[in-house]
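In our numbering, the protein residues as written are 9 to 335. Following: one structure in structure tokens, then a few remarks.
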Ligand code: GDP
């Protein structure tokens, strides 16, 4: 593959080249990994930055409906929008629930939108790295906004938050006044909570849910990257296109403030460090899965089980073999 040619085409906003490049970064083959790394290194100098928006929510809250409506709203403002998905469940189900071709039907036909279903990978680390690289490719291809969607399970929110400038949590109206079992950690990551389905019979329930979450957000510790009024909860209706303009106005206001205060740049810089360390960790873990070391680990594991060696000495033996040492 001619990497310089591919890189030039991506910078020229060639969608097919972008799709091919994403396939390249998703590949696990060693030669593809090298080419992907070279491509990303070449594109690093593009200087293009998209607004990267992470979006999480449990199945059924309306993520695809929201992305379709919000994406069309943004393309209507002459923005170019890319949509990617991080889907840790695909490994279990054997197919991507976020990759369903029938989702986002109108948006997928919009020439200013690019939608990429999530790759099927067998662990979150791999999915995360590839999604992050896909985000970088979309940025280089000049997309103004990159939406990264994930289902609200396990660790995927953390991973998506680490590749986003803004993190949105989408909720559905609750029946009573209970907070919907949203973990505190996820609430703490959110810049905005959008209570969807604020229409028809569900409208009043949505407003109550929104008020509950506004209250809960006020109890959280204030983060330095938040201006007055953030993080905030608001109602939207993805189905009836209600609240989208207001949500966008709030997002752009927040981004402008963070840029002006230096939080945007410092967040990007600390994310780069996070991903460097994460790549390193994944790389070392991958080494542990290979032939000779894997067998050695198997042997030592049995010895540890039998009490013939302490866990730390066993680990030390492997790390010495890898030329790494415990502190
Ligand atoms: P996802 O699983 O989070 O992607 O959710 P979907 O977008 O597939 O939506 C799940 C269901 O909720 C579908 O039946 C949608 O039509 C419905 N839905 C999504 N957004 C809204 C909304 O704003 N109002 C109402 N009333 N229903 C909605």
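Don't be surprised by glycine CBs; every beta carbon is placed ideally from N, CA and C.
Asked, Found
"Whole angstroms is fine: what's the gap from residue 105's alpha carbon to residue 70's?", "Residue placement at residue 105 cannot be trusted, given a pLDDT of 49 that sits under 50; the coordinates are not used to answer."
"Under 9 Å, do residue 250 and residue 260 count as touching if we go by C-beta distance?", "no"
"Just the C-alpha distance for residue 321 and residue 302, rounded to the nearest angstrom, thanks.", "17 Å"
"What do you get for residue 102, buried or exposed, if any count of 16 or more other CB atoms within 10 angstroms of its CB means buried?", "Unreliable placement is indicated for residue 102, whose pLDDT of 43 sits below 50; the coordinate value is still reported in the next sentence. It counts as exposed."
"Could you tell me whether the Cβ atoms of residue 145 and residue 26 are closer together than 9 Å?", "yes"
"Is residue 214 closer than 9 Å to residue 239 when the C-beta atoms are compared?", "no"
"Does the beta-carbon of residue 67, which I'm using as the reference point, lie nearer than 8 Å to any heavy atom of the ligand GDP?", "yes"
"Here's the rule I'm using: 16 or more other beta-carbon atoms within 10 Å means buried, otherwise exposed. How should residue 78 be labelled?", "buried"
"Tell whether a beta-carbon distance below 9 Å holds between residue 75 and residue 94.", "no"
"If I measure Cβ to Cβ from residue 232 and keep anything under 8 Å in the same chain, skipping five residues before and after, which residues do I get?", "271"
"Would you check if the stretch 146-160 and the stretch 45-65 touch, i.e. whether three or more CB-CB distances between them fall below 8 Å?", "yes"
"The alpha helix (DSSP H) spanning residue 276 covers which residue range?", "271-296"
"Measure the CB-CB distance between residue 154 and residue 24 and report whether it falls below 9 Å.", "no"
"With C-beta atoms as the reference, is residue 245 less than 9 Å away from residue 207?", "yes"
"Where does residue 9 land, buried or exposed, given buried means 16+ other C-beta within 10 angstroms?", "exposed"
"So the beta strand (DSSP E) residue 60 belongs to, where does it begin and stop?", "59-65"
"For a quick check, are the C-beta atoms of residue 142 and residue 175 less than 9 Å apart?", "no"
"According to the neighbour-count rule (16 or more other Cβ atoms, all chains shown, within 10 Å of its Cβ), is residue 63 buried or exposed?", "buried"
"To the nearest angstrom, how far is the alpha carbon of residue 258 from that of residue 202?", "12 Å"
"Give a single yes or no on whether residue 78 has its beta carbon closer than 8 Å to a heavy atom of the ligand GDP.", "no"
"Note down, in chain order, each residue of its chain lying with its Cβ closer than 8 Å to the Cβ of residue 113, except the 5 sequence neighbours on either side.", "76"
"For residue 85, count neighbouring Cβ atoms within 10 angstroms of its own Cβ and tell me buried if that reaches 16, exposed if not.", "exposed"
"Pick out whichever of 169, 67, 57 has its Cα sitting closest to the Cα of residue 89.", "57"
"Measure the CB-CB distance between residue 279 and residue 330 and report whether it falls below 9 Å.", "no"
"Starting from residue 166, trace the alpha helix (DSSP H) both ways and give me its first and last residue.", "164-169"
"Is the beta carbon of residue 137 less than 9 Å from the beta carbon of residue 286?", "yes"
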